[in-house]
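Report on one structure; see the data block that follows.
Protein chains: 2
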Amino acid sequence: MLPERFSTKDFDVAQIRSSCSSCSLRELCLPVGLNDEEVESLGEVVAHKRKILRGGYLHRTGTKFQALYAVKSGFLKTCVLEEDGRQQVTGFHMTGELLGLDAISADMHTCDAIALEDSEVCEIPFSKLEDISRTIPSLMHRFHKIMSREIVRDHGVMLLLGSMKAEERLASFLLNMSRRFAIRGYSETDFNLRMTREEIGSYLGLKLETVSRAFSKLQEEAIISVNNKHIQILDLERLKLKMGNISCST
Amino acid sequence: MLPERFSTKDFDVAQIRSSCSSCSLRELCLPVGLNDEEVESLGEVVAHKRKILRGGYLHRTGTKFQALYAVKSGFLKTCVLEEDGRQQVTGFHMTGELLGLDAISADMHTCDAIALEDSEVCEIPFSKLEDISRTIPSLMHRFHKIMSREIVRDHGVMLLLGSMKAEERLASFLLNMSRRFAIRGYSETDFNLRMTREEIGSYLGLKLETVSRAFSKLQEEAIISVNNKHIQILDLERLKLKMGNISCST
DNA sequence: CTTTTATTTTGATTAAAGTCAATAAAAATA
DNA sequence: TATTTTTATTGACTTTAATCAAAATAAAAG
């Protein structure tokens, strides 16, 4: 199901040192340049690995917060669900990304995290992470940057939801997916989406029919090619023009 | 311009100990229960105070990140501005709240912060905060909770922008304002908004005319009374019903 | 205090997206 | 493989909010 040009090269350094911190801690560790001793401390932090089958929950709203989760493989969505049935997908999460940051606030998860394909995560007990980050300032700083980046990302989504039209939103979404696949060594112009039109719609603040129509429109214009969940971007530049100069970092 | 029933009682403890950490550090310090020595360390952190006149910038997009800002008094908005002129108000900020969290990510401010009335902030140099939080774990944890809460708040705004109608959005906004005024000792049913209809609209993903119509609608229904920026909530319960069971914590 | 500028309200019209409905296609299950 | 269920597309129509425009009100500046 995954594209084929995936490379684990980036993770080799960590892989040699610690069994579980392999790709899961890429996000948190690699950019800070830890020494062997420091990485060893971290090895203790991420002792536990978890597999979640497609459709399964990594965590549910209201349950006690124990650990952050680093996505080792797979694809997940997070969504907030209100009593009245209103639902909003707040994010899609792929390899190397960190989940559970919202739960620190009230020691309780504020959203559901559901696997959109069989996935693996590493548990990072949060109290341990805080302990260790006291002795490794660069790790603490790195963690702060990750939290901050989530805030910046959310502000980008707010801009999208607050000021963009359906087609612009979809273009923005596709470019974001494209970039994130590219970072992980997959094709930036040819990929399979893991989520349904309804889930895309929820994330983009649109109904599934509107999402479907926007896909069809972009295909008519020969900007993308759509076969169900398989997307090919035929003209990256024109797709970027569609969203009108907005950066695709959301 | 501010409502009159304001009390500084909550801040007295800190005020005795350190001149500037008075109300500015309420958010960050008070709930962690620091001892005198710890508060003294913090006094060094928040040495610098700044006044911003109405319409003035606290910080601008793209400028180097140096410090977080704790609002000591006044009222500010933050907004992201795109090259094509698209603008989105990402938040309104009142006494005791912390600004600049988005800037940690790339060592650069990602939004403008503009005073909507004459305001005072305390600068909290971020590197110092990180240093000190190493020796005061409870402060570090408190800071993590604040960042996490910002993420939760943003998810709430995403839900609002993604799934609520104009009138529901405005009801949600008013209830949020009401709650935040109440926390600070002001009336929860009678207050002056500091922002224009256009700024409310930008925050809620609506045009100013739509915001105005929604105000008029709620007034017609005798749920609120509107006199320009002066709002009276006549029926808090019905206002809550308007937004359909969604919590007003955003 | 008067003039100018900015803000707010309201109406008429247009554009965009939602809703309802039918069909088709894909995926999951028996 | 056949059947059921889920997901996606498309059309017709409705609702919602945006746009355009004018007037009224409030705030700021001279």
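Protein sequences, first through last, are from chains A and B.
As numbered in the numbering used here, residues 1 to 250 make up the first sequence, in order.
As numbered in the numbering used here, residues 1 to 250 make up the second sequence, in order.
In this text, a Cβ means the ideal position worked out from N, Cα and C, and glycines have one as well.
Review point. Does the Cβ-Cβ distance between L99(B) and R54(B) come in under 8 Å?
Key: no
Exercise for review: For Q88(A), count neighbouring Cβ atoms within 10 angstroms of its own Cβ and tell me buried if that reaches 16, exposed if not.
Suggested key: buried
Review point. So, does the CB of S105(A) fall closer than 8 Å to a CB anywhere in chain B?
Key: yes
Check your understanding: How should H230(B) be labelled, buried or exposed, when 16 other C-beta atoms within 10 angstroms of its C-beta is the threshold for buried?
Key -> exposed
**Study point:** As assigned by DSSP and simplified to three states, the class of S178(A)
**Key:** helix
Check your understanding: Just to confirm, are L101(B) and I151(A) a CB contact at a threshold of 8 Å?
Key -> yes
Review point. Taking buried to mean at least 16 other C-beta atoms within 10 Å of its own C-beta, is L241(B) buried or exposed?
Key: exposed
Practice item. Compare the Cα-Cα distances from R50(A) to each of Y69(A), G244(A) and R194(A) and report the closest residue. Key: Y69(A)
Review point. So what does DSSP say about Q88(B), is it helix, strand or coil?
Key: strand
Practice item. Report the three-state DSSP secondary structure of G56(B) (helix, strand or coil). Key: coil
Practice item. Could you pull out every unbroken alpha helix (DSSP H) segment of at least 4 residues lying fully inside the region 68-116 of chain A, listed in chain order? Key: none
**Study point:** Beta-carbon spacing of F181(B), F173(B) below 8 Å
**Key:** no
Exercise for review: Find the residues of chain A that neighbour V152(B), judging by a C-beta separation of less than 7 Å, and give them in chain order.
Suggested key: D102, S105 and T110
Review point. If you drop the 5 nearest sequence neighbours on each side, which residues of the same chain put their C-beta closer than 6 Å to that of L206(A)?
Key: A166
Exercise for review: Quick one: which residues of the region 128-160 of chain A get their C-beta closer than 7 Å to a C-beta of chain B? List them in chain order.
Suggested key: E130, R134, P137, M140, H141, H144, K145, M147, S148, R149, E150, I151, V152, D154, H155, V157, M158 and L159
Review point. Out of curiosity, what's the CA-to-CA distance linking I114(A) and L58(A)?
Key: 6 Å
Exercise for review: Would you verify that the beta carbon of V80(A) is, or is not, closer than 8 Å to some beta carbon of chain B?
Suggested key: yes
Review point. Which first and last residues belong to the beta strand (DSSP E) in which H230(B) is found?
Key: H230 to I233
Point to revise | Cβ-based neighbour list, D235(B), same chain, cut-off 6 Å, excluding 5 preceding and 5 following | key: I223
Practice item. Per DSSP, which residues does P137(A) bridge with? Please list them. Key: In the DSSP output, where bridge partners are listed per residue, P137(A) has none listed.
**Study point:** Local conformation of S148(B) per DSSP, three classes
**Key:** helix
Check your understanding: Cβ of S119(B) within 8 Å of Cβ of S73(B)?
Key -> yes
Review point. So, is the C-beta of S163(B) closer than 8 Å to a C-beta in chain A?
Key: yes
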